[in-house]
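Below: the structure, in structure tokens.
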Amino acid sequence: MNRTDMIAQNDMAFSYHPMPFFNDVGERFTFSKKLDLNLYCIKRPQQTCFIRVTNPNMLAWGIEQGDMLIVEKNEQLCSGDLVVLKSGSEFHIYEFITYDDEFVFMALDSKMQNIKTKNWANLPLVGTVTNTIHQIQSKRNTLKFAA
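Written out as structure tokens, the structure reads:
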């Protein structure tokens, strides 16, 4: 197989192209490898889903309207995990903590009620938030300046 065929075959293996990854950790700024965000953000593809945030009330946690949450289904929870619960056709985000022998799901949205329970296995748990993707968008109504 010649080099051109090998490159073409490699390009067809993905529906996208991994992007160059520049690493500035260490002594010097170097190009180290290609970064595949799917491999970086998703550890268990069959248990993972994406949820777009439409709620503007979670800025205190650094989650903004329009952000994309990467949510992974887990059988175990750890204190401090951000978890997604389904309620009807909506998803709500909570911080999972334990307090006085109870499991507490603290709502990230101040308009939602916290949930206290002794058995969280019966809750409609979608999964835990493993990553967020945040788009930095320029403000459309701001003044523009020329250099």
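For the sequence shown, my numbering begins at 74 and goes up steadily by one.
The C-beta atom is built at its ideal place from N, Cα and C for all residues, glycine as well.
Just to confirm, is the Cβ distance from residue i to residue j under 8 Å?
{"i": "Ile-170", "j": "Val-202", "result": "no"}
{"i": "Trp-193", "j": "Leu-155", "result": "no"}
{"i": "Pro-71", "j": "Gln-138", "result": "It is not possible to answer for residue 71, since the shown part of the chain is limited to 74 through 220."}
Using the Cα positions of residue i and residue j, report the straight-line distance between them to the nearest angstrom.
{"i": "Ile-188", "j": "Phe-176", "result": "8 Å"}
{"i": "Pro-197", "j": "Ile-209", "result": "32 Å"}
{"i": "Ser-152", "j": "Pro-118", "result": "24 Å"}
{"i": "Ile-206", "j": "Glu-145", "result": "14 Å"}
{"i": "Gly-200", "j": "Ser-160", "result": "13 Å"}
{"i": "Leu-110", "j": "Asp-140", "result": "16 Å"}
{"i": "Asn-204", "j": "Phe-164", "result": "16 Å"}
With residue i as the anchor, note down where its beta strand (DSSP E) starts and where it stops.
{"i": "Leu-155", "result": "155 to 160"}
{"i": "His-207", "result": "Careful: His-207 lies outside any beta strand (DSSP E) and carries neither H nor E."}
Would you kindly report the start and end of the unbroken alpha helix (DSSP H) that includes residue i?
{"i": "Leu-112", "result": "110 to 114"}
Of the residues the options, which one's Cα is nearest the Cα of residue i?
{"i": "Cys-114", "options": "Glu-168, Leu-142 and Asn-147", "result": "Leu-142"}
{"i": "Gln-186", "options": "Glu-168, Ile-124 and Asp-174", "result": "Glu-168"}
{"i": "Asn-195", "options": "Glu-148, Ser-162 and Leu-112", "result": "Glu-148"}
{"i": "Ser-162", "options": "Thr-190, Thr-127 and Tyr-172", "result": "Thr-127"}
Check your understanding: Hey, is the region 173 to 182 in contact with the region 125 to 134, meaning 3+ C-beta pairs nearer than 8 Å?
Key -> Between the region 173 to 182 and the region 125 to 134, the count of C-beta pairs closer than 8 Å reaches three or more; the two stretches touch.
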